[in-house]
Every structure is written in C-alpha cells, then in structure tokens.
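All remarks here apply to the structure that follows.
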Amino acid sequence: MDEKVKNSLARLILNTDRSNKSRINNIIEIANDIKILASHYGSLKMLGNEIGISSGMLSKFLTALKVEPEVKNKIKTREIDSVFFVHYLNSFNRQDQLDIINLIDQPPLSSKEIRILAPLRKSNPHANLLDLIRKVRQPSTEKFYIIQFENPTDLLIKKTSNQLAIYCKIGEFNVYKKSSRIGIIELNEEAYESLKQSAKSDKMIFQDFIIKKIFEE
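First residue of the sequence shown? That's 159 in my numbering, and the numbers climb one at a time after it.
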C-alpha cells in the first residue's frame, strides 16, 4: 500500500468515525479519498468491508463529485456539510440545485425536507419549485418517511401511465412505491419507528435495511 492510499485510508476512517462529533475534511475531500480507495480495493463493497461502512453510504459521499460547480463551492467552504443533503440534492436538475442553495426569503432546506422534496419534484417536474417547498413545509397531521432507490424493475407488479405501482409488505407494514424511473418507499410514522429499531438491531443504515428487506420479499 503506497503512501497516498495509506493517507486516504487514515483520513476516511477518521472522517467516518461516528464517535467524532465533526468531520475533519469536507465531503468532496472525503469523496476523493473514497475514489482512491475504491480503486485500490477493487470496489466500494470491498472498501466498505475493510472499514466497516456500507457501500451505499460510501456512494452517498461520491455524489458530492456530481453536483453542480456552485454547489461544490459551498461544500468546499462547508456551508453545505450534510452527506444526505448532497445525496438528495444531486437528484435535482441544475436550475433546481441553484435555486435550492440560494433560497430567498426562505430558511435553508434541512436534510429531512430535501429528502421529502426530491420524490415530490420527480412527480411534479413542471411545478413551481417554491410551491413544492412550501408544501413540504406545511404542517401535517400524519408524518411520512420517504426513501428513494434506483431501478426498481425487479419489483414491478403493474404499470399505469408510465409509473410503477408496487406493493409489498415488510413485517406487519404495507409499503407503497411509485415512480417512472426510481422507486419511492413511503412509510407512516409507526412503520418508520418500528423498522428503524429493527435496522438498529441489525447494525444497518435505515435506508439500506429497508431496501434489503424489499428485495428479499
């Protein structure tokens, strides 16, 4: 292992140590270390096995290398410093990304809000973005947790109006997903809390746990 790889490995372990309250490097620097290490170990999965982090989580860091240059600048200055925020922001087109990071007369979106906004935007590509943001921020009597995943064709049960409509069951909870290009999983608060505990027991990231369970069904 050469010096460059050793340094990248040391930084990645330090930056992903959950006992640390804050990361030493910004997300782009971490993503560059992941690229170096994935090449050295052969794949994200093999790298993840080496350091005890899921390949899904590592791939989320890599989305920092795909977002628009203006977003990257804010990541480098750590004005944007949430991996999950960057991961979901990458699913928006260029103009939406710029509008989201430069909101006027609106507080910045949280990671939770952009997670909900992403599939809503997919379903409403021509709607006014600010209207969708206001909808996300409206108080609701029932809370939902939404997850996205790519290429859900293996789960296809029926197709209507170019949208996938997929139903399955995880434990006691029914899950509904629909999208033209991605899978969207919607859980009510009861299901979310219960399955979150199950994911914790299995020592898995919640999103990875849910997707694994769906593909097992």
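Glycine residues also receive a C-beta, built at the ideal position from the N, C-alpha and C atoms.
Note that this is a predicted model, so its numbers are computed, not measured.
Residue i - DSSP class collapsed to helix/strand/coil
i      : result
Gly214 : helix
Ile259 : helix
Ile209 : helix
Ile233 : helix
Gln365 : helix
Ile182 : coil
Gln355 : helix
Residues near residue i by beta carbon distance below 8 Å, same chain, minus five either side
i      : result
Leu287 : Asp254, Asp257, Ile258, Arg279
Lys370 : Met362
His245 : Lys218, Thr221
Ile171 : Ile209
Ile194 : Lys162, Val163, Ser166
6 Å CB neighbourhood of residue i in its chain, flanking five on each side removed
i      : result
Arg181 : Asn173
Glu383 : What is shown of the chain runs 159 to 375, which leaves residue 383 out entirely.
Distance, residue j Cα to residue i Cα
i      : j      : result
Pro283 : Val225 : 18 Å
Met159 : Ser177 : 27 Å
Ser249 : Ala276 : 7 Å
Asp366 : Leu167 : 23 Å
Ser213 : Leu267 : 26 Å
Asn231 : Ser356 : 38 Å
Leu290 : Asn190 : 33 Å
Lys164 : Asn183 : 16 Å
Glu351 : Ser197 : 37 Å
Val229 : Leu353 : 33 Å
Gly200 : Lys162 : 16 Å
Ala349 : Ile368 : 11 Å
Arg273 : Gly206 : 24 Å
Ser269 : Ser240 : 7 Å
Lys327 : Thr235 : Reliability fails at Lys327, whose pLDDT of 47 lies under 50, so the model's placement of it is uncertain and no value is given.
Ile238 : Ile185 : 9 Å
Glu375 : Ile262 : Caution applies to Glu375, whose pLDDT of 49 falls short of 50 and renders its modelled position unreliable; the value that the coordinates give is listed next. If I take the Cα positions, the gap works out to 44 Å.
Gln264 : Leu216 : 31 Å
Ile188 : Asn260 : 24 Å
Ser281 : Phe243 : 19 Å
N- and C-terminal bounds of the alpha helix (DSSP H) containing residue i
i      : result
Ser197 : 185-199
Ser177 : Segment: none, Ser177 is in no alpha helix (DSSP H) and carries neither H nor E.
Ile238 : Note, Ile238: premise wrong, no alpha helix (DSSP H); not H, not E.
- Considering only residues of the stretch 246-290, which uninterrupted alpha helix (DSSP H) runs meet the minimum length of 4 residues and lie entirely inside it, listed in chain order? 252-259, 269-281
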